[in-house]
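Participant: Sharing a structure with you now.
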Amino acid sequence: MGKPHVLLIPFPAQGHVIPLMELALNLAKHGFKVTFVNTEFIYEQVINALPGTENVQELIQMVSLPDGLESSDNRSEFGKLSESILDVMPGELNALIERINGSESEKISSLIADAAMGWALEVAEKMGIKKVAFWPAAAALLALLFKIPSLIDDGIIDSDGKPMKNQKIQLSPTMPVMKTMDLYWSCINDELTRKLFFKLLIKIVRPTKSADRLISNSSYWLESGTFASYPDILPIGPLLASNRLGKSTGYFWREDSGCLAWLDQQPPDSVIYVAFGSLTVFDNNQFQELALGLELTDRPFLWVVRQNITEDVDNAYPTDFEERVQHQGRMVSWAPQQKVLSHPSDACFISHCGWNSTIEGISNGIPFLCWPYFTDQIFNKGYICDYLKIGLELNKDDNGIIRCGEIKNKLERVLGDEGLKERVLDLQAKILSGVREGGSSYKNFNDFVAWIKD
Ligand code: UDP
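Residues in the sequence shown are numbered consecutively from 1, following UniProt numbering.
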């Protein structure tokens, strides 16, 4: 008998592709044949960013499908991209599975789809193969997704997801309190994008709920209250490259690994790591204020300045900034973040609080200085600062800007707060024990593997 064959499909965004590729590699290690489906656009990026030495493609079969847009189209227009995906990709995926099953001896028996690609679960359902929903954010937010219909019925939000009033809700007594203004679909400034995002969420409730298994990149140790109330959601995380003694993969941009050698030269527990994930775009004033704040700290810093991180790309830095900080800090366009966070020189993580960054920071015992932008980042910031108490938040002034003085002062507070450090180290020990033999995520993952193979 051949290997069991599983197909995985992420939403085409960096924070979705990385954890699903990690899952794919774990499944390959457990003896699965794995087909990993990216959109053509993302496929090109991922393949181009793989270092020459990477053997990922020996472990998983990387394939691509069209997303229905032209190569010149702007894929950061969320509504356009998700509508096009929905028009084109179900038929393409169906045909791909039929092609594989018609020509390969190892037929696809299970499909693992990012919940944001709920339509793929419907394809699996029609084709009679096992369907698994993967949730790449906090599990509490999956519970919230399931609650959307009753939030509408109870008049807490309208049918576009807009809160009827500012109030606090709690999905169960063991779960964190949420403010309706902070619900992840509410935290998008652009009204049209907010509506389209909510429309997508409504569409994925049913297929996600009716998946045969729900797995999440989280840990009992992070969200025990949620898992107690929603036992169908199985935490199998954190999915990290270090848990399988490998390098992280699935990057859209080539990493600047030179920054690791730079970190080697810094004293232990001294460096401020500054990164805002793959999507955040800065207003130029704010970007300059951050630059000045980092300079003012007088501490070594490693700052990820992604291509196009500012609105005005040509005049990003304050005058002479790069010259002044050349012995203090280092700017890179993309860092091997998981490696950076595990480096002994790191002292603090200035983060936008994307879920992957959140669990990566915790897994490495690094306290946070939080600078969330939108969607689930606001909720994650609440987790970090109020619920887990492992970080502090940066505050804006009356003009909506986080000033350089605020950055310096809060940073000093984070670094001087032994309690934050103790709690994050304690949490690190717990969540890492969860993925080791006998741990809760380890056990869930192994039970899951046994179920797919069955
Ligand atoms: N990341 C990275 N290098 C960078 C910046 C980010 O490897 O320079 C990775 C990071 O480790 C995480 C992902 O990109 O796995 C970003 O996901 P997250 O959920 O934190 O944020 P998003 O990009 O979805 O906003």
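Here a beta-carbon is modelled for each residue, glycine too, at the ideal position from N, C-alpha and C.
Which partner residues does Pro235 have in the DSSP bridge list?
Facilitator: BP columns for Pro235 point to Ser216.
Participant: Return yes when the C-beta of Ile279 is under 7 angstroms from any heavy atom of ligand 1, and no when it is not.
Facilitator: Note that residue 279 corresponds to Leu in the displayed sequence, not to Ile. It does: the Cβ of Leu279 is within 7 angstroms (strictly closer) of some heavy atom of ligand 1.
Participant: Among Ala140, Phe198, Tyr184, whose alpha-carbon lies nearest the alpha-carbon of Leu171?
Facilitator: Closest option to Leu171, Cα to Cα, is Ala140.
Participant: By how many angstroms is the C-alpha of Val332 removed from the C-alpha of Gln266?
Facilitator: About 16 angstroms.
Participant: What are the start and end residues of the beta strand (DSSP E) that includes His5?
Facilitator: Its beta strand (DSSP E) spans residues 5-9.
Participant: Taking the alpha-carbon of Ser72 as reference, which of Ser229, Glu40, Ala95 has the nearest alpha-carbon?
Facilitator: If we check each option's Cα against that of Ser72, Glu40 comes out closest.
Participant: Keeping to the same chain, check which residues put their C-beta closer than 7 angstroms to that of Asp114; ignore five residues upstream and five downstream.
Facilitator: Correct list, in chain order: Ile9, Pro10, Phe11, His16, Leu20, Phe134, Pro136.
Participant: DSSP state of Glu393, grouped into three classes?
Facilitator: Correct three-state label for Glu393: strand.
Participant: Would you check whether ligand 1 has a heavy atom nearer than 7 angstroms to the C-beta of Gly237?
Facilitator: It does not: the Cβ of Gly237 is nowhere closer than 7 angstroms to a heavy atom of ligand 1.
Participant: Spatial neighbours of Lys126 within its chain, please: C-beta separation below 8 angstroms, excluding the five flanking residues on both sides.
Facilitator: So the list reads Asn94, once near-sequence residues are dropped.
Participant: Give me the Cα-Cα distance between Ser210 and Glu58, rounded to the nearest whole angstrom.
Facilitator: Using only the alpha carbons, I get a separation of about 33 angstroms.
Participant: Using a threshold of 7 angstroms, is the CB atom of Pro51 nearer than that to any non-hydrogen atom of ligand 1?
Facilitator: Checking every heavy atom of ligand 1 against the Cβ of Pro51, none is found closer than 7 angstroms.
Participant: Quickly, what does DSSP pair Asn38 with across the bridge? List them, please.
Facilitator: Note: Asn38 sits in a beta bridge opposite Ser64.
Participant: Could you have a look at Asp87 and say whether DSSP puts it in helix, strand or coil?
Facilitator: Helix.
Participant: List the whole-angstrom C-beta distance separating Gln338 from Ala241, where the pair is believed to meet the contact cut-off of C-beta under 8 angstroms.
Facilitator: The Cβ separation is near 6 angstroms, so the contact holds.
Participant: On the CB-based measure, 16 or more other CB atoms within 10 Å of its CB, does Arg299 come out buried or exposed?
Facilitator: Answer is buried; the Cβ neighbour count reaches 16.
Participant: From the DSSP output, which residues share a beta bridge with Met164?
Facilitator: Partner(s): none; Met164 has no beta bridge.
Participant: Should Ile129 and Leu111 be called a contact, given that it needs their Cβ atoms to be closer than 8 angstroms?
Facilitator: In this structure, Leu111 lies closer than 8 angstroms to Ile129 by Cβ.
Participant: Which residue or residues does DSSP assign as beta-bridge partners of Asp114?
Facilitator: Per DSSP, Phe134.
Participant: Using only alpha-carbon positions, find the residue among Asn315, Ala450, Val305, Tyr317 that is nearest to Ile350.
Facilitator: Ranking Asn315, Ala450, Val305, Tyr317 by Cα distance to Ile350 puts Val305 first.
Participant: Taking only beta-carbon positions, decide if Val424 is within less than 8 angstroms of chain C.
Facilitator: Considering every chain present, this structure includes no chain C. It has just one protein chain.
Participant: Does the beta carbon of Tyr383 fall short of 7 angstroms from some heavy atom of ligand 1?
Facilitator: No.
Participant: For Pro207, count neighbouring C-beta atoms within 10 Å of its own C-beta (all shown protein chains included) and say buried if the count is 16 or more, exposed if not.
Facilitator: Under this definition Pro207 is a buried residue.
Participant: What do you reckon, are the CB atoms on Ile108 and Thr35 nearer than 8 angstroms?
Facilitator: Closer than 8 angstroms, so yes.
Participant: Grab the span of the alpha helix (DSSP H) containing Ser440 for me, first residue to last.
Facilitator: Ser440 -> alpha helix (DSSP H) spans 440-453.
Participant: What does DSSP give as the partner residue(s) for Leu420 in the beta ladder?
Facilitator: None, per the DSSP bridge assignment.
Participant: Which residue marks the beginning of the alpha helix (DSSP H) containing Phe197, and which one marks its end?
Facilitator: Its alpha helix (DSSP H) spans residues 191-209.
Participant: Would you mind working out which of His30, Val274, Gln14 sits nearest Ala450, comparing C-alpha positions?
Facilitator: Considering only alpha carbons, the answer is His30.
Participant: Just grab the DSSP bridge partners of Ala241 for me.
Facilitator: Answer by DSSP bridge pairing: none, since Ala241 is not bridged.
Participant: Determine whether the beta carbon atoms of Ala49 and Tyr251 lie at a separation below 8 angstroms.
Facilitator: In this structure, Tyr251 lies closer than 8 angstroms to Ala49 by Cβ.
Participant: On the three-pair Cβ rule with 8 angstroms, is the segment 266-281 touching the segment 339-347?
Facilitator: Cβ pair count under 8 angstroms is three or more, so yes.
Participant: For the segment 247-281, list the alpha helix (DSSP H) runs that are entirely contained and at least 4 residues long, ordered along the chain.
Facilitator: Taking only runs of at least 4 residues, the alpha helix (DSSP H) segments lying wholly in the segment 247-281 are 258-264.
Participant: Distance check for Ile152 and Ser224, CA to CA, integer angstroms please.
Facilitator: Each residue's Cα considered, the two are about 27 angstroms apart.
Participant: Return the bridge partner residues of Ser351 from the DSSP annotation.
Facilitator: Paired residues: Ala275, Cys370.
Participant: Can you give me the C-alpha to C-alpha distance between Val123 and Val281, rounded to a whole angstrom?
Facilitator: Those two C-alpha atoms are separated by around 35 angstroms.
Participant: Tyr403 lies in the alpha helix (DSSP H); which residues open and close that run?
Facilitator: Going by the sequence as given, residue 403 is Arg instead of Tyr. No alpha helix (DSSP H) contains Arg403, which DSSP labels as neither H nor E.
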